[in-house]
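If you number the sequence shown the way my numbering does, the last residue is 1496 and the count never jumps. Just so you know, even glycine gets a beta-carbon here, dropped at the ideal spot from N, CA and C. Heads up, the thing below is written out as C-alpha cells.
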Amino acid sequence: MTISLPYKRTILFGLFMPMTLFILGVYNGIMQTIYQAGVIHRSSVAGINYYQGLTLHGVINAIVLTTFFAVVFGHVTISYYLKKEPPRWSYQISMILMVVGTLMDAFTMLAGTSEALYTFYAPLKDSPLFYIGTALLIIGSWVAFAGWVKIWFEWRKENPGKKMPLAVLGTFVNFTMWFISTLPVAYEVLVILTPWSLGWTDHINVPLTRMLFWMFGHPLVYFWLLPAYIAYYTILPKVAGGKLYSENAARLAFLLFLILSTPVGVHHQFSEPVFTPGTKLWVSILTFGVAIPSFMTAFTVGASLEYAGRKRGARGLFGWMGKLPYFQKENFLFGYFICGLILFIFGGLSGIVNASYSLNQMVHNTSWVPGHFHMTVAGPVLLVILGVSLYIYSTVSGREIKFRTLATIVPYLWMIGVALLSHGMMAGGLMGEPRRTNMGLTYTNPDSELFNKHWVPTSTITMIGGFVMGAAALLYFISFFATAAGKKTRESIIELPEYEELHEEKTIPLLLNMKPWIIVSVILILFTYVPALISVFKYSAPVKNKFQVESPVNLIK
Ligand code: HAS
C-alpha cells in the first residue's frame, strides 16, 4: 500500500528517534553490569552516576522505545490490514506529544534531576518536568489510538460482515488495556507526584503511589509484549514458511490479556505490608491465569512452526526444529522471532516462579528479578522491536537494508548475551545478590568490609553477557543507521508478511466482540483494587516527606 508523505515521515521519525536514544540506553545497560561486577568502584563514570544511568537505561529502553514502537507498529498494522491511513491530526499530534514528552524526560535525566528509576513511585522524587513529560508520552499514544478507532469504524461500515483482522484485534486489545491501565498512573503523576515535586504539597502516601504505579506497571509489560505476539501470530508463520495453526486460539489469547493484564499488578507488591493475605492470594491466582494466554501462544506458534518444519520434510518428534529457516539473509526476521521465543520459554517460567507467593519471598528485590525480565523484555519484546523496525524502516523509506549479514547475526548473538546476563543475575539472586545496587562500591569490592566473594562469579557472568549484548547492539546499529542513511531505491510502501490460516475455523461471535471482555476486565479490576485501596487507606497515610535517599551502607560507621 502506498502512503502519504506526512504519514511516511511520521513512521520513519517514530522509528529513528527512539532508536537513536537507544544507543544511550544500551551504553548505560553495559555500564550497569560493569559497576555490578566490581570492575569499577565508583559512584559515577563520565558524569553519569549509577542511579542516573540506571534510570536512563530503564526509561529509554523500557518506556520510550517500547511505546514508540507500539505506536508505529500500530500505524503500520492498522493501515496494512484496513488499507487506510489514520487521520493526519491523529498521527501528527500523537507524534509531537510523544517527542516533546520524551525530550523532557531525557533532558531531566541527563541533567541529573530525575533518577527515581523507571518505576518512578515515591519516596524517590523526580523533577516535575519528568512527570509531565511521561504523561505527554502516554497521552500521545492515546491520540494515535483515537485515530485508529476512527478508521476502524469507517472500515466496518464499508465492509459489513467482515471479521476484525487479527492484527487489528491484537492492537485494539493492547491499546484498550493500555488506556485503562494508564488512567491510574496519569492520576498518580498529575495529581500526586507533580504537585509534591513542585513543593506544593509536602505529604505523600508512599504505598498509594506504589499501588497506582503497579496498576499500570504490570499491564505495561503486556503492552510491551503484545506487539511481539501480533508479530508472532501474523508475520512469523509466513516468514517461517508455514501457516497459522489456529486464528481462534490467537484471538482468545489476546482477549484473555485484556481481562487479566491489569488486575495482577499487586504481584509486584507481595512484600508490601499494607495488603491483606486475601488480596495477595487472589492476585497470585490471577497471575497464574495471565500465564495461560502465553501457554496458548507457545502451543499455537509452536504448532505453526512445526507445520513449517514438516513442510520442509522434517521427520520425528522434534525434527522440525532443525528445518526452520535460521541464518537466512533474505529472511532475517525469522532469527529475531525465534531467538525471542527461545528466551521467552525461560523468561516465562521464571515469571511463574515470581508469581508463587512463597517463592517470591525468596527472589523479590534480588537480582533474580532483572534476570527474569531481561529474558522477557530484552527477549521477545526487544528482538521483535529490532527486527521489525529494520524491516519497516526499509519498506516505508524505500531503502535497501544495509549490512544484511550483520543484521542476520544480531539476534543469535543477542540471545547468547541475554542468556549469560540473565543466568548470572538469576544464579546470584538465588544467593541473595541484590538488584538496583552499585555492588562495585561494596559487595564486589574486595576492599570493602561488605565484600561477598560468592557474588563475584555471578556478576562477572552478567557482565560478560552485557558485553555480548553490547556487541550485538553495535552490529544492529551499524545496519539500522546505514539503512537510514542509504539512498532510496524503491517506492515507499507499507507491506507486511501476511499469514495464512491452516484450517478454515468456525466463527465464534464472542471472539469477535471486545465489549463483553472490556466489561469483565473492569469488574476484575474493581474486584481486586477496591479491597486493595481500602487496605491502603486503612494501613497507611500521607506523611511529611521524611524520606532521604540514603544508602544503609553509608550509615555503617
Ligand atoms: Fe514478569 C516482575 C510474573 C511475564 C516483565 N516482570 C517483572 C518485572 C518486569 C517484568 C520488567 O508474579 C520487574 C518489575 C520491577 O522492576 O520490579 N511475569 C510474571 C508472569 C509472567 C510474566 C507470571 N514479565 C512478563 C513479561 C514481561 C515481564 C512478558 C515483559 C515483557 N513478573 C512476575 C512477577 C514479578 C515480575 C510476580 C514480580 C517479581 C518481584 O518480586 O519483584 C507470565 O506472563 C509469563 C508467561 C509466559 C510463558 C512462556 C510462554 C513461552 C512462549 C515461547 C514458546 C516458544 C516456542 C519456540 C514456540 C508461560 C510463548 C519453540 C521453537 C524452538 C526451535 C525451541
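Residue i CB to nearest heavy atom of the ligand HAS below 7 Å
i       : result
ALA1188 : no
THR1148 : no
ILE999  : no
MET1154 : no
VAL1320 : yes
PHE1059 : no
VAL1302 : yes
GLY1241 : yes
VAL1316 : yes
PHE1283 : yes
THR898  : With the chain running from 940 to 1496 in the structure shown, residue 898 is simply not present.
THR1236 : yes
HIS996  : no
SER1120 : no
GLY1228 : no
ASN1270 : no
ALA1055 : no
TRP1081 : no
GLY1290 : yes
MET1364 : no
TRP1163 : yes
MET923  : The structure shown does not extend to residue 923, since the chain spans only 940 to 1496, so no value can be given for it.
Proximity of residue i and residue j at Cβ, strictly below 8 Å
i       : j       : result
PRO1319 : PHE1283 : yes
TYR1020 : VAL1107 : yes
SER1223 : HIS1206 : yes
ILE1131 : THR1115 : no
ILE1174 : LEU1272 : yes
SER1460 : ILE1169 : no
PHE1196 : TYR1161 : yes
ALA1192 : THR1133 : no
ALA1346 : SER1418 : yes
TYR1057 : ILE1002 : yes
THR1215 : MET1154 : no
GLY1051 : GLN991  : yes
ASN1304 : PRO1212 : no
GLY1072 : MET1043 : yes
LEU1329 : GLY1279 : no
LEU1244 : GLU1186 : no
ALA1083 : GLY1013 : yes
Buried versus exposed call for residue i [16 or more other C-beta atoms within 10 Å across all chains shown]
i       : result
GLY986  : exposed
ALA1480 : exposed
ARG1254 : exposed
HIS1393 : exposed
HIS1142 : exposed
PRO957  : buried
HIS1442 : exposed
PHE1257 : exposed
THR1334 : buried
ASN1493 : Model confidence at ASN1493 stands at a pLDDT of 49, short of 50, so the residue's coordinates are unreliable and nothing is read from them.
CB contact below 8 Å: residue i versus chain C
i      : result
PRO957 : In summary, chain C is missing from the structure at hand, where a single protein chain is found.
Check your understanding: Can you list, in chain order, the stretches of the alpha helix (DSSP H) that have 4 or more residues and sit fully within the segment 1324-1370?
Key -> DSSP runs (the alpha helix (DSSP H)) wholly in the segment 1324-1370: 1343-1369.
Check: Mind pulling the alpha helix (DSSP H) runs of 4 or more residues that sit fully within the segment 1124-1165?
Finding: 1133-1136
For the segment 958-1038, list the alpha helix (DSSP H) runs that are entirely contained and at least 4 residues long, ordered along the chain.
989-997 and 1004-1021
What alpha helix (DSSP H) runs, 4 residues minimum, are completely inside the segment 1407-1489?
-> 1454-1478
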